[in-house]
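Heads up: the structure comes next, in C-alpha cells.
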Amino acid sequence: DAKTTQPTSMDCAEGRAANLPCNHSTISGNEYVYWYRQIHSQGPQYIIHGLKNNETNEMASLIITEDRKSSTLILPHATLRDTAVYYCIVRVSGGSNYKLTFGKGTLLTVNP
Amino acid sequence: DAGVIQSPRHEVTEMGQEVTLRCKPISGHNSLFWYRQTMMRGLELLIYFNNNVPIDDSGMPEDRFSAKMPNASFSTLKIQPSEPRDSAVYFCASSFERALLNEQFFGPGTRLTVL
Numbered sequence: 001d002a003k004t005t006q007p008t009s010m011d012c013a014e015g016r017a018a019n020l021p022c023n024h025s026t027i028s029g030n031e032y033v034y035w036y037r038q039i040h041s042q043g044p045q046y047i048i049h050g051l052k053n054n055e056t057n058e059m060a061s062l063i064i065t066e067d068r069k070s071s072t073l074i075l076p077h078a079t080l081r082d083t084a085v086y087y088c089i090v091r092v093s094g095g096s097n098y099k100l101t102f103g104k105g106t107l108l109t110v111n112p
Numbered sequence: 113d114a115g116v117i118q119s120p121r122h123e124v125t126e127m128g129q130e131v132t133l134r135c136k137p138i139s140g141h142n143s144l145f146w147y148r149q150t151m152m153r154g155l156e157l158l159i160y161f162n163n164n165v166p167i168d169d170s171g172m173p174e175d176r177f178s179a180k181m182p183n184a185s186f187s188t189l190k191i192q193p194s195e196p197r198d199s200a201v202y203f204c205a206s207s208f209e210r211a212l213l214n215e216q217f218f219g220p221g222t223r224l225t226v227l
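Listed in order, the protein sequences are those of chains A and B.
Every letter in the first sequence is one number past the one before it in my numbering, and letter 36, counting from 1, is 36.
Every letter in the second sequence is one number past the one before it in my numbering, and letter 89, counting from 1, is 201.
Listed below in C-alpha cells is the structure:
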C-alpha cells in the first residue's frame, strides 16, 4: 500500500471548515483513499473514501487532486466533538484486500 | 445494531497471569480483526479471521498470544502469560468482506494494564 504523509496536528475554530491534507504521491491506479478518525478513548471510525472523483457524505467531503497524489478531507462546520486523530490511508479496496495500515495521523483540535 | 462489542472494557492484571479478551462482531459480518494500540507503535493489526478461519496472524507478537473464533459471533484473544509490555488498548473490528467498501467497524476497545 502507498505511504501517506499528514501534518502532525492542526487547529480549527468551532463552526469553521476544517481542511485536513494528505500526501500520497506513490499511490497506484487501483488504490483508494480512505479516511478514518479516532476520538479519544474510542475505536477508529470510518469517515469516507474515494478513488478519483470528489466524494461527499453526511460527515465530510473528500477532494482528490487530478493526479491523485494528494487529497483533502473537509469537515464543513467543525464542532468540538470533531476533535480527534484523523488517519489518511490508501489501499486497494474490496474482496480480500483487508489491510488497513494506520500511520500517526493528524490530531485535529477544534477550539471554542 | 449494537455495533462491535468488546469485554471487558478495562482489565488490570499482574505479570504472569492469563488474560482473555472477548469480541462479538456485527451480525452478518464475515471478517474479524484484532488490533493493538500503544503510544510507541500506534495501531497494529494482530490477526485477521475470515469466515471464522485465521487468514493472517503475522502480527501476533509471540507465542504467548493466541486468538480463536469458534463461531461467527464470538472471538477471543488470549495472552498467557501476560507481561507488562503487553499493556495497551486492544481493538476488535469486523467487516463484510465481499462489499466493495470493505469498511471496518471498530469496537470500543479493551484497555489492558499488566503490572
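Every residue gets a Cβ at the ideal spot worked out from N, C-alpha and C, and that includes glycine.
*Who are the near neighbours of cysteine 135 of chain B in its chain, counting only those whose CB is closer than 6 Å to its CB and skipping five residues on each side?*
Gln118, Ser187, Cys204
*Alpha carbon to alpha carbon, how far is aspartate 169 of chain B from glutamate 130 of chain B?*
20 Å
*Secondary structure at leucine 80 of chain A, three-state DSSP: helix, strand or coil?*
helix
*arginine 210 of chain B: which of B/Gly128, B/Pro120, B/Ser143 sits nearest, CA to CA?*
B/Ser143
*Measuring only between beta-carbons, confirm whether leucine 189 of chain B sits less than 8 Å from chain A.*
no
_DSSP state of proline 21 of chain A mapped onto helix, strand, coil_ = strand
*Could you name the residues of chain B that glycine 43 of chain A contacts, counting a contact when the two beta carbons are closer than 8 Å?*
Val116, Phe203, Ala205, Phe218, Gly219, Pro220, Gly221
*From which residue to which residue does the beta strand (DSSP E) around glutamate 156 of chain B run?*
154-162
*For chain B, find out if any of its Cβ atoms is closer than 8 Å to the Cβ of serine 93 of chain A; answer yes or no.*
yes
*Where the region 70-87 of chain A meets chain D: residues whose CB sits under 9 Å from a CB there*: Reference to chain D is not applicable here, since the protein chains of this structure are A and B.
_Below 9 Å on C-beta distance, what does asparagine 164 of chain B contact in chain A?_
Going along chain A, no residue has its Cβ under 9 Å from asparagine 164 of chain B, so there is no contact; the nearest lies around 15 Å.
*Since arginine 68 of chain A is in the beta strand (DSSP E), which residue starts that stretch and which ends it?*
Careful: arginine 68 of chain A lies outside any beta strand (DSSP E) and carries neither H nor E.
*Are any of the Cβ atoms in chain B nearer than 8 Å to that of lysine 3 of chain A?*
no
*asked:* Starting from glutamine 149 of chain B, trace the beta strand (DSSP E) in both directions and tell me its first and last residue.
replied: 143-150
*Examine chain B for any beta-carbon lying closer than 8 Å to the beta-carbon of leucine 20 of chain A, and answer yes or no.*
no
_Partner residues on chain A for glutamate 123 of chain B, Cβ-Cβ distance less than 7 Å_ = Per Cβ cutoff of 7 Å: no residues; glutamate 123 of chain B is ~15 Å from chain A at best.
*Quick one: is leucine 100 of chain A near chain B, going by C-beta distance under 8 Å?*
yes
*asked:* If I measure Cβ to Cβ from methionine 59 of chain A and keep anything under 7 Å in the same chain, skipping five residues before and after, which residues do I get?
replied: Ile47, Ile48
*How do the region 100-112 of chain A and the region 171-179 of chain B stand: do at least 3 beta-carbon pairs fall below 8 Å, yes or no?*
no
_Beta carbons nearer than 9 Å to chain A: which residues of the region 163-186 of chain B have them?_
Ile167, Asp168
*In terms of residues, what are the limits of the beta strand (DSSP E) holding aspartate 168 of chain B?*
165-168
*Under 8 Å from the C-beta of glycine 140 of chain B: neighbouring residues of chain A*: Those within 8 Å of glycine 140 of chain B in chain A number zero; the least Cβ separation is about 17 Å.
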